[in-house]
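Numbering (this note's numbering), first residue to last: 108 to 579.
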Amino acid sequence: MTQPAAPESAPHVELTIGPVAHGGHFVSRHEGRVVFVRHGLPGERVRARLTEHDDGARFWRADVVDVLDASSDRQDHVWDQADALVAARASIHVAGGAEFGHIRLDAQRRLKAEVFAEHLERGAGIDAAALGFAGVEAVAREDELGRFWRTRMAFAVDAGGRLSMHPHRSDELVAVTSMPLASREIQRLSPWDVDFSGFARVEIAAPAGGDEALVLLVPVEGQNDAAGVRRAARAVMAQLPLSASVAVLTQSGGSAADGRGALQRISGRTWLSESVELASGDTHDYRVTGEGFWQIHRAAPATLTEAVLGIVAPEPGQAVADLYAGAGLFTLPLAERVGAGGRVLSIEGAPGTSKDARRNLHEYRQALIAQGRVERTLRDQLQRLSGGRGTRELDAVVLDPPRAGAGKRAVELIAAAKPAKIAYVSCDPASFARDTADLRRRGYELVAARVFDLYPNTHHLETVGHFARVRP
């Protein structure tokens with residue numbers, strides 16, 4: 108992680124902001140050099156502080172500190188601590204985590220749609236308009252300013268024991284006194300008023316619609332005083348509501364979710380109950396341990412499940428694979444729909460999260476839960492299911508890979524199973540476009556894409572792509 112220039116010492120330039128770029132930046136030019144600018148809007152004339160500006164660099168980076176000619180899409184920032192203009196006036200660093208908070212929600216979605224369309228054209232050679240892409244969609248139960256949606260939060264802890272966040276591309280810490288993107292369930296904990304001394308990081312999760320919450324405490328690296336850690340954890344527990352569970356997450360290069368760490372219960376439970384209600388009226392219940400993966404936006408589990416089921420349309424007796432399956436968010440409704448005569452192959456790399464999937468699917472004999480690297484495990488399981496007669500063919504595949512995407516080998520194996528339909532859930536437009544190009548080379552076409560605004564006031568977006576097999 109690089110260290111930007113101190114706010115009071117960095118040089119300033121006047122710029123006219125150009126188009127949006129992926130990553131929360133906007134493209135500008137200064138004396139012929141490209142400058143990636145944060146906290147602006149296309150068409151604005153601004154003063155910006157250069158945060159990275161080596162003379163030999165291909166491009167520079169900058170933060171807006173004053174707006175000379177404002178866009179009509181600019182609004183008062185939803186979070187003062189992430190407001191670059193407020194930070195500039197106080198000569199302090201701006202907190203990361205809400206880099207689009209100065210932009211009206213409808214304008215945020217237009218900008219995200221531009222980013223998606225650009226990557227799809229550049230990375231996969233597909234015109235988004237010709238595809239019928241309808242823009243970035245809002246989701247249910249949304250706050251008018253895009254607040255209160257995060258059910259999972261991660262914070263650093265500063266030397267004074269306060270929850271903190273890093274500025275963009277910086278090792279500095281900004282103590283957090285509020286966080287309006289956090290869900291109301293997390294807000295009720297008021298964690299910014301708690302002294303977390305003795306810990307390096309804090310993970311907080313709270314399912315939507317209840318009082319349940321789990322606070323994970325990560326000790327300072329090299330801390331070997333187990334008794335001291337437990338004392339510090341109990342001190343934290345005493346400052347939180349009685350309904351909050353507290354656990355210590357000890358790590359050796361990993362986490363409890365991936366099997367390389369351990370959760371030590373201090374109070375309550377080391378897992379959370381999640382419930383997902385679909386438009387059909389079906390409700391599915393899940394258990395998610397520790398920092399195991401779960402969708403962050405309060406409406407995301409239902410929104411994405413509806414979209415995936417709409418693509419796959421599973422029928423009794425079919426064979427479906429759910430890759431990067433997490434705790435089984437999609438596996439469970441898929442297993443219900445294919446029935447006892449069908450088969451759902453659910454693959455997850457993290458051992459702890461895979462154990463959650465086993466618990467969540469224990470009633471469904473048609474669900475085969477496998478843990479391991481997706482590429483190797485998919486190959487082995489399809490061969491086993493075929494009885495040694497090559498690769499078992501599938502009716503459909505669902506995949507929800509991490510930000511880096513699936514990659515060539517996973518795409519190759521998916522295509523070898525010849526599913527008629529693929530539902531691809533992606534949180535990164537660049538890796539989605541790259542994998543789309545690979546799928547096209549292997550006989551699949553992207554027939555539809557929906558993009559959801561599951562990260563309001565940030566540059567992130569979530570895509571659900573529908574791929575159909577068009578040649579043998």
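Cβ coordinates follow ideal geometry from the N, Cα and C atoms, glycine included.
Sequence-distant residues of its chain with Cβ nearer than 8 Å to residue i (five each side left out)
| i | result |
| --- | --- |
| residue 424 | 445, 446, 448 and 449 |
| residue 550 | 522, 576, 577, 578 and 579 |
| residue 394 | 378, 379, 380, 381, 434, 463, 466 and 467 |
| residue 108 | Confidence is the limiting factor: at residue 108 the pLDDT is only 47, short of 50, which leaves the residue's position unreliable, though a coordinate-based value still follows. Answer for residue 108: 273, 276, 277 and 278, listed in chain order. |
Beta-carbon proximity of residue i to residue j, cut-off 7 Å
| i | j | result |
| --- | --- | --- |
| residue 264 | residue 306 | yes |
| residue 258 | residue 480 | no |
| residue 325 | residue 311 | no |
| residue 290 | residue 281 | no |
| residue 122 | residue 135 | yes |
| residue 493 | residue 486 | no |
| residue 204 | residue 274 | no |
| residue 535 | residue 557 | no |
| residue 240 | residue 268 | no |
| residue 459 | residue 399 | yes |
| residue 300 | residue 350 | no |
| residue 140 | residue 176 | no |
Spatial neighbours of residue i in its chain, beta-carbon cut-off 6 Å, leaving aside the 5 residues before and after
| i | result |
| --- | --- |
| residue 220 | 242 and 243 |
| residue 407 | 561 |
| residue 118 | 157 |
| residue 426 | 450, 501 and 502 |
| residue 533 | 539 and 570 |
| residue 477 | 454, 484 and 488 |
| residue 348 | none |
| residue 531 | 506 and 572 |
Proximity to residue i [Cα-Cα], best of the options
| i | options | result |
| --- | --- | --- |
| residue 194 | 149, 207 and 172 | 172 |
| residue 432 | 249, 414, 455 and 525 | 455 |
| residue 126 | 120, 178 and 372 | 178 |
| residue 320 | 336, 297 and 338 | 297 |
| residue 283 | 347, 514, 491 and 186 | 186 |
| residue 150 | 133, 520, 349 and 567 | 133 |
| residue 208 | 565, 553 and 573 | 565 |
| residue 287 | 159, 250 and 138 | 250 |
| residue 159 | 120, 183, 350 and 188 | 120 |
| residue 189 | 285, 144, 174 and 266 | 285 |
| residue 555 | 548, 568 and 574 | 574 |
| residue 262 | 308, 236 and 414 | 308 |
| residue 597 | 169, 218 and 373 | Residue 597 is absent from the model: the chain starts at 108 and stops at 579. |
| residue 174 | 168, 183 and 167 | 183 |
| residue 341 | 388, 547, 372 and 223 | 372 |
| residue 461 | 388, 401 and 331 | 401 |
| residue 260 | 328, 332, 235 and 314 | 314 |
| residue 266 | 235, 295 and 327 | 327 |
| residue 482 | 457, 514 and 167 | 514 |
Same chain, Cβ closer than 7 Å to residue i, five either side skipped, listed in chain order
| i | result |
| --- | --- |
| residue 110 | For residue 110, the pLDDT reaches just 48, beneath the cut-off of 50, and the residue's location in the model is therefore unreliable, although a value from the coordinates is still provided. These residues qualify, in order along the chain: 277 and 278. |
| residue 61 | What is shown of the chain runs 108 to 579, which leaves residue 61 out entirely. |
| residue 345 | none |
| residue 370 | 354, 356, 363, 377 and 397 |
| residue 442 | 451, 468, 471, 473 and 474 |
| residue 414 | 557 and 571 |
| residue 567 | 534 |
| residue 254 | 185, 287 and 288 |
| residue 200 | 114, 194, 274, 277, 279 and 281 |
Whole-Å CB distance - residue i paired with residue j, under 8 Å assumed
| i | j | result |
| --- | --- | --- |
| residue 527 | residue 502 | 6 Å |
| residue 559 | residue 390 | Between residue 390 and residue 559 the Cβ distance is about 21 Å, and since that is not below 8 Å, they are no contact. |
| residue 505 | residue 429 | 5 Å |
| residue 155 | residue 143 | About 10 Å separates the two Cβ atoms, so there is no contact after all. |
| residue 191 | residue 146 | 4 Å |
| residue 225 | residue 131 | That belief does not hold up - the Cβ atoms of residue 225 and residue 131 are roughly 15 Å apart, past 8 Å. |
| residue 352 | residue 374 | 6 Å |
| residue 223 | residue 235 | 7 Å |
| residue 252 | residue 553 | Between residue 553 and residue 252 the Cβ distance is about 33 Å, and since that is not below 8 Å, they are no contact. |
The ligand NAP heavy atom lying under 6 Å from the CB of residue i
| i | result |
| --- | --- |
| residue 405 | Here there are no bound small molecules, and the ligand NAP is not part of this structure. |
Contact between the segment 144-164 and the segment 225-236: three or more CB pairs below 8 Å? Judged by Cβ distances under 8 Å, the segment 144-164 makes no contact with the segment 225-236, as fewer than three pairs qualify.
Should the segment 202-216 be regarded as contacting the segment 530-546, the criterion being three or more beta carbon pairs within less than 8 Å? no
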